[in-house]
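Numbering (the working numbering), first residue to last: 4 to 144.
Take a look at the structure:
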């Protein structure tokens, strides 16, 4: 069966929740609201259109980055595998929950600016420390 890969832009509407598992894996989850914006020609104002609510799950290294970077109210872009999880309420009703296993999450630069903080990479013995060397795998001429 095929995966449904989507990209969404929206607002984080819950504080990200971090979970650590006994095997060392970690997961960080939050709810995302994506809302289209529509211009009302009669009132000459912008307003919200249809909304979609999704639970975003991130795992391992991405989960760490999300836990240290994302907060409720942030506007983010998310890409990953969309699926529907079915569950039963305590009242016996059957419900659907839209969930997205994220492959990448980043800030929506329409709403903010960022300064990227990269972890330091150790220099190897063969490395000369030339700029761009780690990108192309050899010393620049």
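Ideal placement from N, C-alpha and C gives every residue a C-beta, glycine not left out. What you are looking at is a predicted structure, and each value in this text was computed from that prediction instead of being measured.
Quick check on DSSP: helix, strand or coil for residue 39? In the chain shown, counting from the first residue as 1, residue 39 sits at position 36. Of the three classes helix, strand and coil, the one that applies to residue 39 here is strand, per DSSP.
Nearest-angstrom Cα distance between residue 105 and residue 61? Here the question's residue 105 lines up with position 102 in the chain shown. Here the question's residue 61 lines up with position 58 in the chain shown. Rounded to whole angstroms, residue 105 to residue 61 spans 5 angstroms at the Cα level.
Continuous beta strand (DSSP E) stretch holding residue 98: start and end: Here residue 98 refers to the residue found at position 95 of the chain shown. Residue 98 -> beta strand (DSSP E) spans 97-110.
Evaluate contact between the segment 43-52 and the segment 13-21, counting only Cβ atoms and requiring at least three cross-stretch pairs below 8 angstroms. no
What would DSSP say about residue 63, mapped onto helix, strand or coil? On the chain shown, residue 63 is found 60 positions in, with the first residue counted as 1. Here residue 63 sits in helix by DSSP.
Quick one: using the 10 Å Cβ neighbour count with 16 as the cut-off for buried, is residue 56 buried or exposed? Numbered from its first residue, the chain shown carries residue 56 at position 53. Exposed: under 16 other Cβ atoms inside 10 Å.
Any contact between the segment 79-86 and the segment 6-17? By contact I mean 3 or more CB pairs, one from each, below 8 angstroms. Cβ pair count under 8 angstroms is three or more, so yes.
Cut-off 7 angstroms between Cβ atoms - residues of its own chain near residue 36, not counting five sequence neighbours on either side: Here residue 36 refers to the residue found at position 33 when the chain shown is read from its first residue. If we look at residue 36 and ignore the five residues flanking it on each side, its Cβ neighbours are 13, 14, 16, 54, 56.
Assign residue 31 to buried or exposed, taking buried as 16 or more other Cβ atoms, counted over all protein chains shown, within 10 Å of its Cβ. Counted from its first residue, the chain shown places residue 31 at position 28. Per the 10 Å Cβ criterion, buried.
Beta-ladder partner(s) of residue 8, from DSSP: For the purposes of this step, residue 8 is taken as the residue at position 5 of the chain shown. Per DSSP, 84.
Is the distance from the Cβ of residue 117 to the Cβ of residue 123 below 8 angstroms? Position 114 of the chain shown, counted from the first residue, corresponds to residue 117. Position 120 of the chain shown, counted from the first residue, corresponds to residue 123. Going by C-beta atoms, residue 117 is not nearer than 8 angstroms to residue 123.
Which of helix, strand or coil DSSP assigns to residue 143: Position 140 of the chain shown, counted from the first residue, corresponds to residue 143. In this predicted model, residue 143 has a pLDDT of only 49, less than 50, meaning its place in the structure is not dependable enough to derive any value.
For the putative contact between residue 8 and residue 69, defined by C-beta atoms under 8 angstroms, what is the C-beta separation to the nearest angstrom? Indexing the chain shown from 1 puts residue 8 at position 5. Indexing the chain shown from 1 puts residue 69 at position 66. About 19 angstroms separates the Cβ atoms of residue 8 and residue 69, ruling out a contact at the 8 angstroms cut-off.
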